[in-house]
Amino acid sequence: MPYWLLKSEPDCYSYADLERLGRDHWNGVRNYQARNYLRQMKAGDPCLFYYSSTKPAGIAGVARVVRSGYPDPSQFDPSSDFYDPKSPQSEPRWTTVDVEPVQLLPKFLPLETIRELPAWDASPLTRKGNRLSVLPVTPEQFEAALAAGGAEDLLTTDH
DNA sequence: GCCAACGTTGGC
DNA sequence: GCCAACGTTGGC
1 MPYWLLKSEP
11 DCYSYADLER
21 LGRDHWNGVR
31 NYQARNYLRQ
41 MKAGDPCLFY
51 YSSTKPAGIA
61 GVARVVRSGY
71 PDPSQFDPSS
81 DFYDPKSPQS
91 EPRWTTVDVE
101 PVQLLPKFLP
111 LETIRELPAW
121 DASPLTRKGN
131 RLSVLPVTPE
141 QFEAALAAGG
151 AEDLLTTDH
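Structure, rendered in structure tokens:
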């Protein structure tokens, strides 16, 4: 089963917002590489919910994909910040997925600590200049993040 | 198709 | 707020 990491600015959209809504679209991704990953996501895939552009940045919680990729409606909405007039209706350019909350990490996992986890050495997340907002995570990275965040092992308790 | 300019991301 | 990194745009 693939694992993913989703970035969000918590001032804009936090884990608590997702928890309050119960389920939501992960929309507004306007980067082709991130979009291609969104298109690979399947219902049931676990995701790490990452806070960017905040102090400190890091992983706040775990979410799960509940609906795989479909056209992001906001690309066709002129009143949306994510409106893309160049996206053809016949072949929508941008994709969204639906996610639901799974759990808040008992201990917020700062980027500084993520960098100390050997499994994360190879991740784009820990590389300088990284700007990818949706990225794949290995099972080892996922487990290491949960352990460091004091969470239950979802690999054995789920599914 | 190249590449300079520009805009955005994101850690610090 | 700064600035490095990098994606996108547009002129040629």
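Quick note, the first sequence lines up with residues 1 to 159 if you use full-length UniProt numbering.
Note that beta-carbon positions come from the ideal geometry of N, C-alpha and C, so glycine has one too.
Secondary structure of leucine 104 (DSSP, three-state): strand. Here DSSP, grouped into helix, strand and coil, assigns alanine 60 to strand.
Leaving aside the five residues that flank glutamate 9 on each side, the residues in its chain whose CB is nearer than 8 angstroms to its CB run, in chain order, Tyr51, Ser52, Ser53, Thr54. Within 10 angstroms of the beta-carbon of glutamine 89 lie fewer than 16 other beta-carbons, which makes it exposed. Using a Cβ-Cβ distance cut-off of 8 angstroms, the region 98-106 and the region 55-66 are in contact, since at least three pairs of beta carbons, one from each stretch, lie closer than that value. Excluding sequence positions up to five before and after leucine 117, its CB lies within less than 8 angstroms of the CB of Gln141, Ala144, Ala145, Ala148, all in the same chain and listed in chain order.
When Gly150, Arg127, Leu109, Thr138 are compared, the shortest CA-CA separation from proline 56 is found for Leu109.
DSSP lists Val99 as the beta-bridge partner residues of aspartate 24.
According to the DSSP assignment, phenylalanine 49 belongs to the beta strand (DSSP E) that extends over 46-51. Assigned with DSSP and collapsed to three states, proline 118 falls in helix.
The secondary-structure analysis by DSSP pairs tyrosine 15 with nothing; it has no beta-bridge partner.
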